[in-house]
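Residue numbers (our numbering): 11 to 877. Idealized CB from N, CA, C, for every residue including glycine. For clarity, every value in this text was computed on a predicted model and none was experimentally measured. Here is the structure we will look at.
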Ligand code: ARG
Ligand code: ZN
C-alpha cells in the first residue's frame with residue numbers, strides 16, 4: 011500500500027497539451043478533456059499500455075484519435091488503455107458530482123460556488139489523467155455554466171474567449187501558456203464580486219490584480235491586495251523574480267481543507283487566511299494573511315515555474331517557500347519578533363512530530379497517503395534547512411545559488427538534491443554532508459560543555475551532537491550544523507572572537523564532537539549559543555539562573571534574550587513541578603519587573619518575553635509528561651508573577667494602549683500586544699481593576715484585536731458571570747459573520763478555564779457549528795485537542811474519547827480532516843502512563859473500525875507502530 015521514493019520511474023507518456031471543456035450543472039458536471047499524448051523518449055520500460063489515474067469518475071466516453079476505444083479497463087483508481095501508438099490524442103468525458111464531494115478534493119461546491127483543490131492528487135477526481143507532478147502540460151480551459159447563477163467563471167492563465175450560449179448559459183475560455191503539473195490546475199464558478207488593483211513590474215508590465223469574494227465579504231479585501239503588492243515588489247527586489255502572466259487572481263472560499271493553494275495565476279484561499287477588516291480580524295490574522303498571501307504568490311517561482319519531480323520532493327517547494335515568506339515577514343515587521351514566534355511554533359509542534367511515531371525526514375522515503383505529509387517537518391523544518399544553507403553561504407552566495415536554481419530548472423520538475431546542487435555550484439561549497447538534513451529524521455541534540463584556563467586566557471567550548479532513533483532509522487550519521495554564537499564578558503561587553511574583532515561567528519559542527527578555542531580572554535565569559543536559532547536542534551548547556559538573567563538583558567541577539575527568559579521560566583516551572591522548589595524563584599519576578607519598567611524596549615518583544623513557556627513546550631521537555639501536574643506548576647508561577655507585578659501591569663495598561671484608528675502597523679501591533687498581555691494576566695488573578703478594564707475594553711473596542719483580547723481575558727478568568735455575559739453579547743453582535751463566529755468558538759474550546767468536554771460538546775450542537783465546514787471543525791475540535799491540553803488530557807480520559815468519537819464521524823466524509831485531527835493522539839508515548847494508555851486505547855479503537863480511510867489508517871497504524 012505504501013509508495014517508495016526508491017521506486018521512482020519517469021512517466022511512460024508525456025502530455026503536451028490539455029484541452030478541457032467543463033459543463034457545470036446543479037447536480038453534476040461533465041468534463042470533456044482532450045489530451046495530446048506521446049511516448050516519453052526517456053522511458054526505458056517500453057510500456058505499451060497507457061495508465062491514467064481516476065477516482066470516483068463516471069466514464070461517459072473514450073476516444074483515441076477520434077475512434078471509440080473498446081478494450082480499455084477501469085479498475086479501482088485507474089483507467090488502462092492497452093497498446094497505444096507513439097503519438098495520439100485521447101478524448102475523455104467524465105461525469106462528476108461536485109455537490110456531493112465532501113472530501114473537498116477535486117471539484118466541489120462551497121456556499122453555492124464551484125471551486126477546486128487539486129494538490130496533491132485531486133485532479134484525478136475531475137478527469138482521467140497521469141496525475142503526477144512530473145507530467146507538465148499547457149492547459150486550455152473552457153467553462154460553461156448558467157449565466158445568472160455563475161456570472162464569474164475563472165481558470166488558470168489569461169481569458170481568451172467568452173460569450174453567450176443557449177438556455178441562459180455562458181462560457182469563458184482560459185489559456186495558460188506555462189506548462190504545469192495537474193496539481194496546479196484550478197477553476198472557480200460563482201456569483202462573486204471583483205476587487206481590482208494593479209501592480210507594475212520592474213520591467214514595466216502592468217499586472218491586473220483581481221480578488222473574487224462573496225458580496226458579503228466585499229469590505230475585507232484591502233489587506234490581502236496590499237499584502238500581495240508588497241510580496242510582488244519584495245520578490246523582485248530580494249530574489250529577482252518577476253510575475254509572468256498578465257493577470258493574477260485570488261479567490262476566497264469558505265470550505266477549504268488547508269490554508270491556501272498556489273494554482274497558477276488563480277490562488278484559492280481559505281476565507282480565514284485572506285479576508286480581513288479591522289472590525290472582524292485580529293492583528294494575528296492580519297499577520298497570518300500577509301504571510302500566506304506572500305507564500306502563495308512566491309510559489310509562482312518556487313513551486314510553479316520550478317516544480318517537484320514527485321511528492322517525496324514536496325519540501326523543495328514548501329521548505330523554500332516558507333523560508334521565503336519568513337524572510338518577507340521579517341522585512342515587513344520586526345525580524346526578532348517574527349523569529350521568536352516562528353521558532354516557538356517549530357520547537358513545540360515540529361519537535362514533537364520529530365520525536366513521535368510519525369517522524370519522517372524532510373524528504374520522506376515512503377508514504378501511504380501523501381496528504382498526510384503536508385507536515386511541519388516538510389514545511390517548517392524544511393524551511394530551517396534552507397535557512398541553514400543561507401547561513402552557511404551568506405546572503406550573496408545564497409542569492410547566486412537561487413538565481414542559478416531558477417535559471418537551470420525553469421519549466422522542470424526537480425528534486426531537493428537539484429536545489430542543493432545549484433547552491434553548491436554557485437558557491438563552491440561542499441554540501442554533501444549537509445544533505446543528511448533531508449534524509450535523516452529526528453531533532454539533533456547538542457550537548458555543550460566548556461572550560462576556562464585562567465592562566466592562558468583560553469576558553470574552550472566542546473559540542474557533542476547526537477540524534478535519537480526514529481521509525482526506520484536506528485542509527486544516525488552526524489549532521490553539518492551551523493551554530494551562530496558570541497561570548498559576553500561580565501560587564502556585558504561582547505568579546506572579540508578573532509583577529510578581525512568580530513563579536514559573532516558561525517561555528518560549523520560536522521563531527522560527533524568538536525572543540526572550539528577562544529584565546530586572549532581576561533575572565534570566563536558567558537556563552538551566547540545558537541543565536542537566532544541557527545539550526546533546528548535542542549541545545550543543552552547548564553547555564554545558571556543568574557547567567558540566564560544576565561543574558562535576558564545583555565545578549566546582543568534579541569532571539570537569545572527571549573530564549574534565555576524562556577529557559578529561566580522553564581527551569582522555575584519544572585523545578586516546582588518536580589518538587590525541587592516549592593516557591594517561585596523571586597529572580598524570575600524581578601527579571602519580568604525589569605522588562606516592564608525599562609523604558610525604550612520594543613513592546614512586542616516585551617510581550618513575548620513575559621509569556622511563560624507554553625504547556626505544550628513544557629510537555630515536550632518532560633519525559634512521561636503529567637499534564638495536570640505541569641499545568642498546576644505553570645499556573646502557580648503565572649499567578650505568583652502576575653500578583654507580584656500587578657502595579658506594573660496596570661501601569662503598562664495606562665501607558666501603552668493605542669487609541670485612534672486601527673492600522674496594521676508594527677508600532678500599534680506591538681502596543682496592543684503588550685497591553686493585552688497585561689490585561690490577560692490581571693484578569694487571570696481575579697483583579698477587580700483588571701476585570702473593569704476588560705469590560706470597558708470589550709464595550710468600547712473598535713477593532714477585533716482589542717475586542718477579542720477583552721473577551722478572552724474574561725473567559726480565562728474567575729469572573730464567571732462577566733464571562734458568560736460577554737460570550738453571549740459577542741455572539742449576538744457577530745453571528746452574521748462566520749469568521750468571527752469561528753473566533754468565538756475557539757475562545758471557548760481553547761480555554762483552560764471553561765473548555766471542558768461538556769462545553770465543547772455543547773458547541774458541536776450549536777446552530778452555527780457545521781460538520782462540513784473544516785474551519786468550524788478545526789476551531790472547535792482541533793483547538794480543543796491541539797491547544798487546550800488541560801482538558802484534552804483530562805485524567806479521566808474523557809477528552810481523548812471525545813476526540814476519538816469526532817474523528818470517527820468525520821472520517822466518513824472528509825478523511826484529510828479526520829487524519830489532521832488525529833495528530834494530537836499520535837504523541838501518546840510522550841505522556842504519563844494513565845494518559846498514554848487512554849490515548850493508545852482510542853487509537854486502537856479507531857484502527858479496528860471498518861472502512862477506515864487511507865488517510866486515517868496511515869496515521870493510526872503508524873502511531874501504534876504497526877506499519
Ligand atoms: N501547496 C499549498 C500551500 O502550501 C498547500 C496544499 C495542501 N494540500 C493538501 N492536500 N494537503 O500553500
Ligand atoms: Zn506552500
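Are there any heavy atoms of the ligand ARG lying less than 7 Å away from the beta-carbon of residue 305, as far as the coordinates show? Position 295 of the chain shown, counted from the first residue, corresponds to residue 305. Yes, since a heavy atom of the ligand ARG falls inside the 7 Å radius drawn around the Cβ of residue 305.
Candidates 393, 368 and 297: which alpha carbon is nearest residue 324's? Position 314 of the chain shown holds residue 324. Selected option, being the one with the closest Cα: 393.
Please report the residue range of the beta strand (DSSP E) in which residue 652 lies. Start at 1 with the first residue of the chain shown, and residue 652 comes out as number 642. For residue 652, there is no enclosing beta strand (DSSP E); the residue is found in the alpha helix (DSSP H) stretching over 637-654.
How is residue 764 classed by DSSP in three states: helix, strand or coil? Here residue 764 is taken as the residue at index 754 of the chain shown, counted from 1. Reduced to three states, the DSSP call for residue 764 is coil.
Considering only heavy atoms of the ligand ARG, does any lie closer than 7 Å to the CB of residue 271? What you label residue 271 is simply residue 261 of the chain shown in a count that begins at 1. Checking every heavy atom of the ligand ARG against the Cβ of residue 271, one is found closer than 7 Å.
Give the DSSP-derived three-state secondary structure of residue 145 in the structure shown. For the purposes of this step, residue 145 is identified with residue 135 of the chain shown, where counting begins at 1. Residue state, collapsed to three classes: coil.
Quick one: give me the first and last residue of the beta strand (DSSP E) that residue 172 is part of. As a first step, residue 172 is located in the chain shown; it is residue number 162 there, counting from the start. Unbroken beta strand (DSSP E) run through residue 172: 168-174.
Among all the DSSP beta bridges, which residues are the ones paired with residue 537? The residue labelled residue 537 in the question sits at position 527 within the chain shown. Per DSSP, the beta-bridge partners of residue 537 are 497.
Secondary structure at residue 137, three-state DSSP: helix, strand or coil? Residue mapping note: residue 137 aligns to position 127 of the chain shown, counting from 1. For residue 137, the three-state secondary structure derived from DSSP is coil.
Three-state secondary structure (DSSP) of residue 739: As a first step, residue 739 is located in the chain shown; it is residue number 729 there, counting from the start. The answer is helix: DSSP assigns residue 739 an H, G or I state.
Quick one: measure Cβ to Cβ for residue 69 and residue 78, integer angstroms, because I've assumed they're closer than 8 Å. Within the chain shown, residue 69 is the residue found at index 59, counting from 1. Within the chain shown, residue 78 is the residue found at index 68, counting from 1. About 12 Å separates the beta carbons of residue 69 and residue 78, which is beyond the 8 Å limit, so they are not a contact pair.
Provide the residue(s) that pair with residue 491 in DSSP beta bridges, ordered along the chain. Looking up residue 491 in the chain shown gives position 481. The secondary-structure analysis by DSSP pairs residue 491 across a beta bridge with 519.
Residue 498 to residue 391, Cα distance in whole Å? Here residue 498 refers to the residue found at position 488 of the chain shown. Here residue 391 refers to the residue found at position 381 of the chain shown. The alpha-carbon atoms of residue 498 and residue 391 are separated by roughly 30 Å.
Going by C-alpha distance, which of 280, 549, 314 and 315 is nearest residue 298? As a working mapping, residue 298 is identified with position 288 in the chain shown. The candidate whose alpha carbon is nearest that of residue 298 is 280.
For a test of the three-state rule: what should DSSP assign to residue 858, helix, strand or coil? Your numbering for residue 858 matches position 848 in the chain shown. DSSP places residue 858 in coil when its eight states are reduced to three.
Give me, in chain order, the residues of the same chain whose beta-carbon lies closer than 8 Å to that of residue 400; leave out the 5 immediate sequence neighbours on both sides. By 1-based counting over the chain shown, the position of residue 400 is 390. Counting only Cβ-Cβ distances below 8 Å, and skipping sequence neighbours, we find 333 and 408.
From the DSSP output, read off the bridge partner residues of residue 33. Translated into the one-based positions of the chain shown, residue 33 becomes position 23. Partner(s): 40 and 154.
Report the CB separation of residue 351 from residue 387 in whole angstroms; it is logged as a contact under 8 Å. In the chain shown, residue 351 corresponds to position 341, counting from 1. In the chain shown, residue 387 corresponds to position 377, counting from 1. Not really, about 19 Å apart at Cβ, beyond 8 Å.
Using a Cβ-Cβ cut-off of 7 Å (strictly less than) and excluding sequence neighbours within five positions of residue 75, which residues of its own chain qualify? Numbered from its first residue, the chain shown carries residue 75 at position 65. Closer than 7 Å at Cβ, skipping near neighbours: 98 and 99.
Would you mind working out which of 713, 754, 650 and 457 sits nearest residue 734, comparing C-alpha positions? For this step, residue 734 is matched to residue 724 along the chain shown. Closest by alpha carbon: 754.
With H, G and I counted as helix, E and B as strand and the rest as coil, what does DSSP make of residue 683? Start at 1 with the first residue of the chain shown, and residue 683 comes out as number 673. Three-state result, residue 683: helix.
Per DSSP, what kind of secondary structure is residue 184 in: helix, strand or coil? Reading the chain shown from its first residue, position 174 is the one you call residue 184. Residue 184: strand per DSSP, three-state reduction.
With a floor of 4 residues, list each alpha helix (DSSP H) that falls wholly inside the segment 332-397, ordered by position along the chain. If we require 4 residues or more, the alpha helix (DSSP H) runs fully inside the segment 332-397 come out as 345-355 and 361-365.
Out of 760, 536 and 321, which has the shortest C-alpha to C-alpha gap to residue 379? Within the chain shown, residue 379 is the residue found at index 369, counting from 1. It is 321 whose Cα lies nearest to the Cα of residue 379.
From the DSSP output, in three-state form, read off residue 20 for me. Here the question's residue 20 lines up with position 10 in the chain shown. Per DSSP, reduced to three states, the secondary structure at residue 20 is coil, with no helix or strand assignment.
Going by Cα to Cα distance, which pick from 138, 145, 102 and 32 is closest to residue 22? Here residue 22 refers to the residue found at position 12 of the chain shown. Nearest option by C-alpha distance: 145.
Ordered along the chain, which non-local residues of its own chain (more than five positions away) have a Cβ less than 6 Å from that of residue 170? By one-based count along the chain shown, residue 170 stands at place 160. Closer than 6 Å at the Cβ level, and outside the excluded window around residue 170, lie 183 and 185.
Span separating the alpha-carbon of residue 574 from that of residue 558: To locate residue 574, count along the chain shown from 1; it is residue 564. To locate residue 558, count along the chain shown from 1; it is residue 548. Counting only the Cα atoms, residue 558 lies some 5 Å from residue 574.
Nearer than 7 Å: is that true of the beta carbon of residue 775 relative to any heavy atom of the ligand ARG? As a working note, residue 775 is residue 765 in the chain shown. When distances are taken from the beta-carbon of residue 775 to the heavy atoms of the ligand ARG, even the shortest one reaches 7 Å or more.
Own chain, CB closer than 6 Å to residue 531, minus 5 neighbours either side, in chain order: Taking the first residue of the chain shown as position 1, residue 531 is located at position 521. By the criterion of a C-beta distance shorter than 6 Å, residue 531 is surrounded in its chain by 467 and 469, once the five residues flanking it on both sides are discounted.
Limits of the unbroken beta strand (DSSP E) element including residue 570: Position 560 of the chain shown, counting from 1, holds the residue named residue 570. Counting along the chain, residue 570 falls outside any beta strand (DSSP E), though it belongs to the alpha helix (DSSP H) covering 568-587.
For residue 476 and residue 454, which I take to be in contact (beta-carbon distance under 8 Å), what is that distance rounded to the nearest angstrom? The residue labelled residue 476 in the question sits at position 466 within the chain shown. The residue labelled residue 454 in the question sits at position 444 within the chain shown. Residue 476 to residue 454, Cβ: 7 Å. Contact.
Can you determine whether any heavy atom of the ligand ZN sits closer than 7 Å to the C-beta of residue 593, and answer yes or no? Along the chain shown, read from residue 1 onward, the residue named residue 593 stands at position 583. No, Cβ of residue 593 sits at least 7 Å from all heavy atoms of the ligand ZN.
How close, in whole Å, do the beta carbons of residue 368 and residue 836 come, if the pair is a contact with beta carbons under 8 Å? Locating residue 368 in the chain shown gives position 358, counting from the first residue. Locating residue 836 in the chain shown gives position 826, counting from the first residue. At roughly 5 Å, the Cβ-Cβ gap stays under 8 Å, so residue 368 and residue 836 are in contact.
From residue 384 to residue 263, what distance separates their C-alpha atoms? One-based indexing of the chain shown puts residue 384 at position 374. One-based indexing of the chain shown puts residue 263 at position 253. Whole-angstrom Cα-Cα distance: 20 Å.
Residue closest to residue 852, alpha-carbon to alpha-carbon, out of 119, 813, 826 and 20: Locating residue 852 in the chain shown gives position 842, counting from the first residue. The residue with the shortest Cα to Cα distance from residue 852 is 813.
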